[in-house]
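Chemist: Quick one: the structure is below, questions incoming.
Numbering (my numbering), first residue to last: 1 to 537.
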């Protein structure tokens, strides 16, 4: 499995879209656009005062007193009002002149604005109305500049058109930059930090040279009966992230009332199999039994049986995932080949991976357990196959968010407003699963989505279809979501049994939310010599 290293030393380039100037420019243009429209409408010829205007001073003389201005300035026919309107229009023309790079004309306008404002200020201080004789020069000079602006095509129509075009151009640039941000964020989330890569390499070396570790694993093999004992509490995690998996196991053990009754079934890939075995051989977790397997040993998982593996052999599918596809309608995260990883889809084959078990709790590797989970095994699923926390309190977590209801196959079988639910902490009744042939249902829908028209990617959409009508809702406190992409209420975190860092901001990444990292890091022993050697702290 190819992996790219996270290079923390690489300098960060400052993008133009992240600067304050960009946002001020865009916001300023929008403001100018509406300001000019307002002024130009305001400058339309008036046919005369309305009855309301004639009675304005009679009904609310208090406004005049509060603002400390003369009644003459409120009159729509006064010279002061005329000068004020000229100033308002001139201010808009100054901005337009600067946008057109006509700095000299903008300076002339600004100078005349100051002279007209000085004239108005004198009238207010002296509380005497302006006369036509005293104001004639400033009115004429300003009128001449406004006339020049019209000759320069700073009229309303051309100005509005120009500003609209400029705003659209900036919006397009902003959209493109936001797309790049999402791409960079997704790339950062997919990278393995150099320190975690270091741990994997050192563990592999330790496993190959340390015979004591291999002997410990052989001794642990004597507990094989525990792996099939349905009186114990069985958990499964499918992951290629060693330390994340360790946090899941350790947090479960620390918060368990009876850790000696817990069995963890771990499945990883061939690359991470030696370091995963080494880590769980050299560390103990309060008596928890840990089994490590690799997905490549499941010979029955082949392209003739698994639709996802069959699709990988299709040239169109390969181009979709790995080719240079510029289809911007498909989010960048759905181009991630991890969605085709068997570790990701192994959750649909749990009864075949563990044929002797009757009930199991599935945990993602980006969760932290902070309560005793033993009660999950006594929950009555009422004949259903899966227990899950529903997510339909938000409308965007209903079926129509994940599935293509324009397709008649989806539209004819499912309710678009049906409630979605979350993977990450799920209880599975494997007896009911086998009885209802749920894996066969999964294969049915995967084969019909070979052209990606029913849903795009991921395991949740096919999960919604596969387990439709077979889900038992669990109390929301069992599974608190969102710590990897949003702010979560402190009360929800405090009361949550399992905290899920779903999203790109994983706690082991530099981009993770700092305020939530402590919830994850408390279950990682940073004093371990391997973590110290890899500068993990």
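Just so you know, even glycine gets a beta-carbon here, dropped at the ideal spot from N, CA and C.
In the DSSP assignment, find the unbroken alpha helix (DSSP H) run with residue 108 in it and report its ends.
Modeler: Residue 108 -> alpha helix (DSSP H) spans 103-126.
Chemist: Looking only at its own chain, which residues have a Cβ that is under 7 Å from the Cβ of residue 528, when we skip the five neighbours before and after it?
Modeler: If we look at residue 528 and ignore the five residues flanking it on each side, it has no Cβ neighbours.
Chemist: Classify residue 56 as helix, strand or coil using the three-state DSSP reduction.
Modeler: Any reading at residue 56 must be qualified, since the residue scores a pLDDT of 34, below 50, and its modelled position is unreliable; no value is offered.
Chemist: Skipping 5 residues on each side, what residues in its chain have a beta carbon closer than 6 Å to that of residue 525?
Modeler: The answer is none, since no qualifying residue turns up.
Chemist: Using a Cβ-Cβ cut-off of 8 Å (strictly less than) and excluding sequence neighbours within five positions of residue 204, which residues of its own chain qualify?
Modeler: The answer, listed in chain order, is 274, 275, 278.
Chemist: Out of 225, 99, 504, 237, which one is the CA nearest neighbour of residue 363?
Modeler: If we check each option's Cα against that of residue 363, 237 comes out closest.
Chemist: Hey, how far is the Cα of residue 535 from the Cα of residue 255?
Modeler: Each residue's alpha carbon lies about 28 Å from the other.
Chemist: Apart from the five residues on each side of it in sequence, which residues of its chain come closer than 7 Å, Cβ to Cβ, to residue 487?
Modeler: Excluding sequence neighbours, residue 487 sits near nothing in its chain.
Chemist: If distances are taken between C-alpha atoms only, which option among 419, 383, 209, 376 comes closest to residue 498?
Modeler: For residue 498, the nearest C-alpha among the options comes from 376.
Chemist: Using a threshold of 8 Å, state whether the C-beta atoms of residue 554 and residue 286 are closer than that.
Modeler: As displayed, the chain neither begins before 1 nor continues past 537, which places residue 554 out of reach and without an answer.
Chemist: By alpha-carbon positions, which one of 464, 445, 496 ends up nearest to residue 372?
Modeler: When only C-alpha atoms are compared, the closest one is 496.
Chemist: For residue 421, which of 489, 469, 436 has the nearest alpha-carbon?
Modeler: Minimum Cα distance to residue 421 is reached at 469.
Chemist: Kindly indicate which three-state DSSP category residue 198 falls into: helix, strand or coil?
Modeler: Reduced to three states, the DSSP call for residue 198 is helix.
Chemist: Can you give me the Cβ contacts of residue 86 inside the same chain, cut-off strictly under 6 Å, excluding the 5 residues immediately before and after it?
Modeler: If we look at residue 86 and ignore the five residues flanking it on each side, its Cβ neighbours are 142.
Chemist: Name, in chain order, the residues that DSSP records as bridge partners for residue 390.
Modeler: Paired residues: 421.
Chemist: Helix, strand or coil: which one does DSSP assign to residue 293?
Modeler: In this structure, residue 293 counts as strand in the three-state DSSP scheme.
Chemist: What does DSSP give as the partner residues of residue 363 in its beta bridges?
Modeler: Partner(s): 425.
Chemist: Looking at the structure shown, is residue 398 part of a helix, part of a strand, or coil, going by DSSP?
Modeler: Note: residue 398 maps to strand in three-state DSSP.
Chemist: Only counting the same chain, and skipping five residues up and downstream in sequence, which positions put a Cβ closer than 8 Å to that of residue 439?
Modeler: Excluding positions up to five away in sequence, the list reads 348, 349, 351, 352, 433.
Chemist: Can you tell me which of the three DSSP states residue 259 falls into?
Modeler: Residue 259 falls in the helix class under three-state DSSP.
Chemist: Per DSSP, residue 265 is paired with what?
Modeler: Its beta-bridge partners are 236, 291.
Chemist: Closest by CA to residue 457, which one among 437, 522, 398, 344?
Modeler: It is 344 whose Cα lies nearest to the Cα of residue 457.
Chemist: Kindly list the residues whose CB is nearer than 8 Å to the CB of residue 389, restricted to its own chain and excluding five residues on each side of it in sequence; keep chain order.
Modeler: Taken in chain order, the residues that qualify are 421, 422, 425, 473, 474, 475, 476, 478, 479, 481.
Chemist: In the DSSP assignment, what are the bridge partners of residue 499?
Modeler: 368, 480, per the DSSP bridge assignment.
Chemist: For residue 122, count neighbouring Cβ atoms within 10 angstroms of its own Cβ and tell me buried if that reaches 16, exposed if not.
Modeler: It counts as exposed.
Chemist: Between the C-alpha atoms of residue 291 and residue 174, what's the straight-line distance to the nearest angstrom?
Modeler: Each residue's Cα considered, the two are about 50 Å apart.
Chemist: Which of helix, strand or coil does DSSP assign to residue 473?
Modeler: Note: residue 473 maps to strand in three-state DSSP.
Chemist: Leaving out the 5 sequence neighbours to the left and right, which residues in its chain are closer than 6 Å to residue 503 when beta-carbon positions are compared?
Modeler: Hits under 6 Å: 484, 485.
Chemist: Assuming residue 428 and residue 359 are in contact, meaning their beta carbons sit under 8 Å apart, how far apart are those beta carbons, in whole angstroms?
Modeler: The pair is a contact, with the Cβ atoms about 7 Å apart (cut-off 8 Å).
Chemist: Count the other CB atoms, across all protein chains shown, that sit within 10 Å of the CB of residue 60; report buried if there are 16 or more and exposed otherwise.
Modeler: Confidence at residue 60 is low in this model, with a pLDDT of 42, below 50, so its placement is unreliable and no value can be given for it.
Chemist: Taking the alpha-carbon positions, what's the residue 47 to residue 132 distance?
Modeler: Since pLDDT at residue 47 reaches only 44, below the 50 mark, its modelled position is unreliable, and the value read off the structure follows with that caveat. Taking the straight line joining both Cα atoms gives about 21 Å.
Chemist: So residue 90 packs on residue 120, CB below 8 Å; how close in whole Å?
Modeler: At roughly 13 Å, the Cβ-Cβ gap does not stay under 8 Å, so residue 90 and residue 120 are not in contact.
Chemist: Between residue 379 and the rest of its own chain, which residues show a CB-CB distance below 8 Å, the 5 nearest in sequence each way excluded?
Modeler: If we look at residue 379 and ignore the five residues flanking it on each side, its Cβ neighbours are 387, 427, 472, 474.
Chemist: Closest by CA to residue 346, which one among 442, 398, 407?
Modeler: The shortest C-alpha separation from residue 346 is found at 442.
Chemist: Mapping the DSSP letters down to three states, classify residue 382 as helix, strand or coil.
Modeler: Coil at residue 382, not helix or strand.
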